[in-house]
Amino acid sequence: GRIDDVASFGLRYGRDVMGEKGFYWNIEYVMQFGNVDNAGTSAKDEDASGDAIEGWFGYNFNRGQNDHKVYVRYSAISGDDPNSSDWEGFIFVAGDIHDRLGKGDWFAASTWLGAYPSMGVDAWSIGYNGFFNERHEFGVAYWDYTTEDSTNLVNDDIGTAFDLWYGFNY
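Residue 813 in the numbering used here is what sits at position 21 of the sequence shown, and the numbering runs on without skipping anything.
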């Protein structure tokens, strides 16, 4: 099986505006380097070069104790190119807890990429998130998913999804 000796290095830049009107954003990028050791297989060892990016841009309409956020969002997780001598697929070293591909979790990114490591995922979203009286949260988002590389499929379209959620803060 594969043994991964991979390090991740990331950057984040963001601005939040809870409690006031204005634009907000968040951009996160992580790249990987190290060695993917294909021990016990006929495949040769590969240099790791996967990456992932997540970006948000939106506007907060603050009304007293309530915040109403609208946004667009993009997430991408690299896949492996079988024609490259490097391992370009992003390796999840600690699971995926960032809600990178939506709240619906139609497919866990690590499971999806583990089953189809050469494809990667690109996802676009547009949504609304409302916070009411510091106790209630409501949101809705539309997601569109494609693969980074469609060599294993007829086309690169994975599908679409809607997220709908409610949260209560005790």
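Heads up, the beta-carbon is just placed ideally off N, CA and C, and yes, glycines get one too.
All of these numbers come straight from a predicted model, not from anything done at the bench.
- Within the DSSP secondary-structure output, Asp878 pairs in a beta bridge with Asp839.
- Spatial neighbours of Val913 in its own chain (CB-CB distance under 8 Å, excluding positions within 5 residues in sequence) are listed in chain order as Ser867, Ala868, Ile869, Gly871, Leu893, Ala901, Trp904, Leu905, Tyr937, Thr938, Thr939, Glu940, Ile950.
- Annotation: the continuous beta strand (DSSP E) that includes Glu929 extends over 928–939.
- Contact between Asp843 and Asp797 is absent: CB atoms are separated by about 17 Å, not below the 8 Å threshold.
- In the structure shown, Leu956 falls within a strand segment according to DSSP collapsed to helix, strand and coil.
- In the DSSP annotation of this structure, the continuous segment of the beta strand (DSSP E) that includes Asn818 starts and ends at 814–829.
- Note that the C-beta distance between Lys895 and Asp839 is not below 7 Å.
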